[in-house]
Amino acid sequence: MIIIKATILLEKGLWIGLFERTDKEGYAVARHIFGKEPTDPEVYDFVHSQYSELKFGKPKEFQLQIKRINPKRLQRQVRKEMEQIKKTTKPSTHAQDYMREELELKKKEKKKKKSADKRVRDEEQFSLRQEKKKKKHKGH
Numbered sequence: 300m301i302i303i304k305a306t307i308l309l310e311k312g313l314w315i316g317l318f319e320r321t322d323k324e325g326y327a328v329a330r331h332i333f334g335k336e337p338t339d340p341e342v343y344d345f346v347h348s349q350y351s352e353l354k355f356g357k358p359k360e361f362q363l364q365i366k367r368i369n370p371k372r373l374q375r376q377v378r379k380e381m382e383q384i385k386k387t388t389k390p391s392t393h394a395q396d397y398m399r400e401e402l403e404l405k406k407k408e409k410k411k412k413k414s415a416d417k418r419v420r421d422e423e424q425f426s427l428r429q430e431k432k433k434k435k436h437k438g439h
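If you're matching positions, the sequence shown starts at 300 in the working numbering and goes up one per residue.
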């Protein structure tokens with residue numbers, strides 16, 4: 300069973316779509332920037348035509364915990380959380396935490412690749428300088 304959840308939110312002046320997917324592999328999130336506020340038909344068309352092109356992160360294991368809570372207590376908790384969200388500019392959701400972790404992993408991978416490329420380039424330049432020195436020393 301695959302569960303897909305789409306959330307459209309305004310972030311730094313741009314409308315962003317967070318697409319959450321839960322299946323047997325785990326929980327994964329993808330993000331798409333719409334730019335201007337999308338209408339319902341535009342979101343519907345996007346899901347039907349371009350959903351397969353979304354790049355989801357690596358699936359993350361999770362365990363679903365269902366606890367029965369008194370409805371009145373639940374209502375109070377929801378009201379409290381909504382007040383907190385209104386006070387803070389950036390609510391932290393599970394999807395946003397996941398996206399933050401994915402971003403950090405990508406940064407680390409990019410940094411490793413960049414340093415390896417730089418090391419290779421430096422070694423090539425060093426070998427070229429050594430060859431030049433040998434040529435000069437030989438008198439050619």
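Yeah, the Cβ is synthetic: ideal placement off N, Cα and C, and Gly gets one too.
Sufficient close CB pairs (3 or more, under 8 Å) joining the region 312-330 to the region 344-354: With a cut-off of 8 Å, the region 344-354 and the region 312-330 count as touching, because enough Cβ pairs lie within range.
Cβ-Cβ separation, Pro337 to Ile307 (assumed contact under 8 Å), whole Å: Here residue 307 refers to the residue found at position 8 of the sequence shown. Here residue 337 refers to the residue found at position 38 of the sequence shown. Between Ile307 and Pro337, the beta carbon gap of about 6 Å places them in contact (Cβ cut-off 8 Å).
Three-state class that DSSP yields for Phe345 in the structure shown: Numbered from 1 along the sequence shown, position 46 holds the residue referred to as residue 345. Of the three classes helix, strand and coil, the one that applies to Phe345 here is helix, per DSSP.
Local conformation of Ile384 per DSSP, three classes: Locating residue 384 in the sequence shown gives position 85, counting from the first residue. Helix at Ile384.
Backbone secondary structure at Phe355 - three-state DSSP: Position 56 of the sequence shown holds residue 355. Taken through DSSP and simplified to helix, strand or coil, Phe355 comes out as coil.
Ala394 vs Gly356 beta-carbon contact at 8 Å: The sequence position of residue 394 within the sequence shown is 95, counting from 1. The sequence position of residue 356 within the sequence shown is 57, counting from 1. At a Cβ-Cβ threshold of 8 Å, Ala394 and Gly356 do not count as neighbours.
C-alpha distance - Gln383 paired with Glu423, whole-angstrom precision: Position 84 of the sequence shown, counted from the start, is the residue given in the question as residue 383. Position 124 of the sequence shown, counted from the start, is the residue given in the question as residue 423. Each residue's alpha carbon lies about 56 Å from the other.
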